[in-house]
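Q:
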Amino acid sequence: MSLGLVFPGQGSQSVGMLADIADTYPSVRERFTEAGDAIGVALWDIVSTGPEAELQNTAITQPALLTASYAIWEIWQAHSGTRPVALAGHSLGEYSALVCSGALSFTDGVKLVNRRGQLMQEAVPKGEGTMAAILGLDDAVVEACCQSVAGVVAAANYNAPGQTVIAGATTAVHQAVDNCKEAGARRTVLLDVSGPFHCALMLPARDALAAELAAVALAQPSIPIVQNVDAAVTTSLDQLREKLLQQLAEPVLWTQCIQTMVSMGVEHIIECGPGRVLSGLVKRIDKSLTSGNLGTLDGLDKELGSGDA
Numbered sequence: 071m072s073l074g075l076v077f078p079g080q081g082s083q084s085v086g087m088l089a090d091i092a093d094t095y096p097s098v099r100e101r102f103t104e105a106g107d108a109i110g111v112a113l114w115d116i117v118s119t120g121p122e123a124e125l126q127n128t129a130i131t132q133p134a135l136l137t138a139s140y141a142i143w144e145i146w147q148a149h150s151g152t153r154p155v156a157l158a159g160h161s162l163g164e165y166s167a168l169v170c171s172g173a174l175s176f177t178d179g180v181k182l183v184n185r186r187g188q189l190m191q192e193a194v195p196k197g198e199g200t201m202a203a204i205l206g207l208d209d210a211v212v213e214a215c216c217q218s219v220a221g222v223v224a225a226a227n228y229n230a231p232g233q234t235v236i237a238g239a240t241t242a243v244h245q246a247v248d249n250c251k252e253a254g255a256r257r258t259v260l261l262d263v264s265g266p267f268h269c270a271l272m273l274p275a276r277d278a279l280a281a282e283l284a285a286v287a288l289a290q291p292s293i294p295i296v297q298n299v300d301a302a303v304t305t306s307l308d309q310l311r312e313k314l315l316q317q318l319a320e321p322v323l324w325t326q327c328i329q330t331m332v333s334m335g336v337e338h339i340i341e342c343g344p345g346r347v348l349s350g351l352v353k354r355i356d357k358s359l360t361s362g363n364l365g366t367l368d369g370l371d372k373e374l375g376s377g378d379a
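Residue 71 is where the sequence shown starts when you use my numbering, and the numbers rise one by one after that.
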């Protein structure tokens with residue numbers, strides 16, 4: 071069965087994540103120590119014991135999740151003989167995919183997403199931007215509800231059919247949420263996030279990140295990566311960099327990314343990182359797919375023991 075791996079983004083972090091895996095595989099703690107040294111923080115201590123508010127700091131969340139995904143990837147690679155057909159990562163997870171594919175060194179990746187998190191926080195003063203999940207409306211209806219609002223608000227994540235996240239200025243997002251309710255949304259949820267990601271308010275962060283990204287060495291990924299902004303694979307390193315920059319201020323086309331992986335022959339998708347957000351979306355996107363996750367020791371053992379891993 072052809073395999074695809076996906077890597078989670080912000081929101082999948084939690085205090086105590088990977089504790090059971092780290093008890094069995096000491097390499098997990100070693101990777102967190104290496105990452106913490108690279109950015110000057112006690113990253114494993116924060117992940118293990120908190121405080122939660124510190125882990126939720128975007129500049130900490132991003133390197134923590136990248137490190138978690140990479141530590142799991144190394145274990146999975148060492149014990150599995152199956153090569154994925156394709157990789158994809160949701161937002162931050164795209165950087166995890168780059169590191170796991172050998173396109174970006176682990177240390178460079180940790181430093182880059184730490185800086186990316188700082189720039190994203192600095193782009194919009196706290197409280198002036200937010201995000202909301204809209205459930206039960208077609209994408210076009212959500213887009214129309216945003217377009218009718220004065221101010222910056224737009225679709226930010228196309229996560230699955232009938233599940234769209236919007237982002238923008240706080241007042242505009244609240245107005246768009248009201249419009250979505252009037253249009254028949256089954257549910258709307260204001261998200262507890264530190265900024266309005268993947269919308270035009272992130273343009274300052276994108277411009278600042280360009281210099282950081284230009285200074286980092288990239289290599290051709292050893293496994294094709296389906297990128298967020300166009301749900302396509304590129305073989306051009308210049309285009310890969312450009313798509314990473316575009317990603318900050320443009321929506322994540324996650325539904326289309328999974329559909330692209332299916333068109334490449336993927337039948338089983340494994341979430342390589344903490345949580346089960348992405349594996350939970352798989353069935354919503356394509357009922358023919360099967361899924362698993364590697365974020366717990368039980369999940370890791372199950373996938374390693376199956377014929378798919």
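Beta carbons: idealized from backbone N, C-alpha and C, even for Gly.
Look at the alpha carbon of Ala89 and the alpha carbon of Glu144, and state the distance between them as a whole number of angstroms.
A: A straight-line Cα-Cα distance of about 16 Å links Ala89 and Glu144.
Q: Among the residues of its own chain, which have a CB less than 6 Å from the CB of Met190, if the five just before and after it don't count?
A: So the list reads Thr128, Gly265 and Ala275, once near-sequence residues are dropped.
Q: Could you give the C-beta distance for Glu213 and Asn298, rounded to a whole number, given that I count them as a contact under 8 Å?
A: With a Cβ gap of about 18 Å, Glu213 and Asn298 do not count as contacting.
Q: Between Leu279 and Val222, is the Cβ-Cβ spacing less than 8 Å?
A: no
Q: Quick check: the segment 148–167 against the segment 287–297, are there 3 or more CB pairs under 8 Å?
A: yes
Q: Can you grab the Cα-Cα spacing for the pair Gly197 / Gln329, in whole Å?
A: 35 Å
Q: Please confirm if the segment 77–86 is in contact with the segment 116–136, defined as three or more CB-CB distances below 8 Å between the two stretches.
A: yes
Q: Just verifying my parser: in three-state terms, what is the DSSP assignment at Glu337?
A: coil
Q: Would you list the residues sitting across from Phe77 in a DSSP beta bridge?
A: DSSP output for Phe77 lists Gly159 as bridge partner(s).
Q: CB Val76 to CB Leu310, shorter than 8 Å?
A: no
Q: Take Asp178 and list the residues in its own chain whose beta-carbon comes closer than 6 Å to its own, dropping the five residues that flank it on each side.
A: Excluding sequence neighbours, Asp178 sits near Val286.
Q: Look at the alpha carbon of Phe102 and the alpha carbon of Ile109, and state the distance between them as a whole number of angstroms.
A: Distance between the alpha carbons of Phe102 and Ile109 is about 11 Å.
Q: Ends of the beta strand (DSSP E) at Gln233?
A: Gln233 to Ala239
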